[in-house]
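Residue numbers (the numbering used here): 3 to 188. Here the structure comes first, spelled out in structure tokens, and everything after it is commentary.
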């Protein structure tokens, strides 16, 4: 809302509510053999996936047009590294973090170091918005710990981490691809 993208938020919200449940259910049926009622938490996960896109869209619209919403992929990769560290170990997490660092270097090179510095100064001078962006980014980076527990067995059932991961993917890449399309359509 703060990025003046109400239409995007409405469409994304509707897609999360009306398309994502079917995608998650079909994926659960294909992978796990059942899908009815399983995976509703994937919709909540999708809203976490939307956070980095929203943060970088806000920065793009209010601070610097050189910084694109797709640059939020670095935050997504850090979250993926946290997930990989939980289930696959340090080596996988380190590889993903290295990839995130390389993308950060490439993005900084593409945008220009001076522009990145100006954007950081511009964002920090926006009063409470700087704190809002930092807290939202931190919330996104903490979300893998909440969505992907070390022990997925919870009593007589299990946490459906597949639906959480699908929600995170759909929540991030759906709006990112749409914004990329919207930009290049013009």
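Think of the CB as a built atom: it goes at the ideal place given N, C-alpha and C, for glycine as much as any other residue. Just so we're clear, the structure is a prediction, and the values are computed from it rather than from any experiment.
| said: Is the beta carbon of residue 139 closer than 8 Å to that of residue 57? | reply: As a first step, residue 57 is located in the chain shown; it is residue number 55 there, counting from the start. As a first step, residue 139 is located in the chain shown; it is residue number 137 there, counting from the start. Taking 8 Å as the Cβ cut-off, residue 57 and residue 139 qualify as a contacting pair.
| Per DSSP, residue 94 forms a beta bridge with which residues? | Numbered from its first residue, the chain shown carries residue 94 at position 92. BP columns for residue 94 are empty, so no partner.
| query | Rounded to a whole number of angstroms, what is the C-alpha to C-alpha distance between residue 6 and residue 159? | reply | Working through the chain shown from its first residue, we reach residue 6 at position 4. Working through the chain shown from its first residue, we reach residue 159 at position 157. Rounded to whole angstroms, residue 6 to residue 159 spans 42 Å at the Cα level.
| query | Which residues share a DSSP beta bridge with residue 159? | reply | As a position in the chain shown, residue 159 is number 157, starting the count at 1. Its beta-bridge partners are 156.
| task | Run the proximity test for residue 105: is its beta-carbon closer than 7 Å to any non-hydrogen atom belonging to the ligand ADP? | result | You won't find the ligand ADP in this model; it holds no ligand whatsoever.
| Rounded distance between the beta-carbons of residue 173 and residue 48, thought under 8 Å | For the purposes of this step, residue 48 is identified with residue 46 of the chain shown, where counting begins at 1. For the purposes of this step, residue 173 is identified with residue 171 of the chain shown, where counting begins at 1. Between residue 173 and residue 48 the Cβ distance is about 3 Å, and since that is below 8 Å, they are a contact.
| request: Could you spell out the range, first to last residue, of the alpha helix (DSSP H) harbouring residue 89? | output: For the purposes of this step, residue 89 is taken as residue 87 along the chain shown, with counting starting at 1. From DSSP, the alpha helix (DSSP H) with residue 89 extends over 75 to 89.
| task | Could you have a look at residue 107 and say whether DSSP puts it in helix, strand or coil? | result | The count along the chain shown starts at 1 and reaches residue 107 at position 105. In the structure shown, residue 107 sits in a helix (DSSP, three-state: H, G or I).
| message | Please list the terminal residues of the continuous alpha helix (DSSP H) segment that includes residue 130. | response | The sequence position of residue 130 within the chain shown is 128, counting from 1. Residues 130 to 149.
| request: Flag this pair as touching only if the region 145 to 159 and the region 23 to 39 have three or more C-beta atom pairs under 8 Å; answer yes or no. | output: Touching, no.
| Relative to the alpha-carbon of residue 185, which residue among 89, 71, 121, 76 has its alpha-carbon at the smallest distance? | Translated into the one-based positions of the chain shown, residue 185 becomes position 183. The shortest C-alpha separation from residue 185 is found at 71.
| query | Between residue 95 and residue 79, is the Cβ-Cβ spacing less than 8 Å? | reply | What you label residue 95 is simply residue 93 of the chain shown in a count that begins at 1. What you label residue 79 is simply residue 77 of the chain shown in a count that begins at 1. Taking 8 Å as the Cβ cut-off, residue 95 and residue 79 do not qualify as a contacting pair.
| field | Continuous alpha helix (DSSP H) assignments of at least 4 residues falling wholly in the region 15 to 45 | value | 22 to 34
| task | Could you tell me whether the Cβ atoms of residue 84 and residue 125 are closer together than 8 Å? | result | As a position in the chain shown, residue 84 is number 82, starting the count at 1. As a position in the chain shown, residue 125 is number 123, starting the count at 1. At the C-beta level, residue 84 and residue 125 stay beyond 8 Å of one another.
| query | Between which two residues does the alpha helix (DSSP H) carrying residue 116 extend? | reply | Reading the chain shown from its first residue, position 114 is the one you call residue 116. First-last of the alpha helix (DSSP H) with residue 116: 115 to 126.
| request: Check whether the Cβ of residue 49 lies closer than 8 Å to any Cβ atom in chain D. | output: Judged by its chain identifiers, the structure shown contains no chain D, having just a single protein chain.
| message | For residue 22 and residue 169, which I take to be in contact (beta-carbon distance under 8 Å), what is that distance rounded to the nearest angstrom? | response | For this step, residue 22 is matched to residue 20 along the chain shown. For this step, residue 169 is matched to residue 167 along the chain shown. That belief holds up - the Cβ atoms of residue 22 and residue 169 are roughly 7 Å apart, short of 8 Å.
| request: Using the Cα positions of residue 10 and residue 154, report the straight-line distance between them to the nearest angstrom. | output: As a working mapping, residue 10 is identified with position 8 in the chain shown. As a working mapping, residue 154 is identified with position 152 in the chain shown. About 34 Å.
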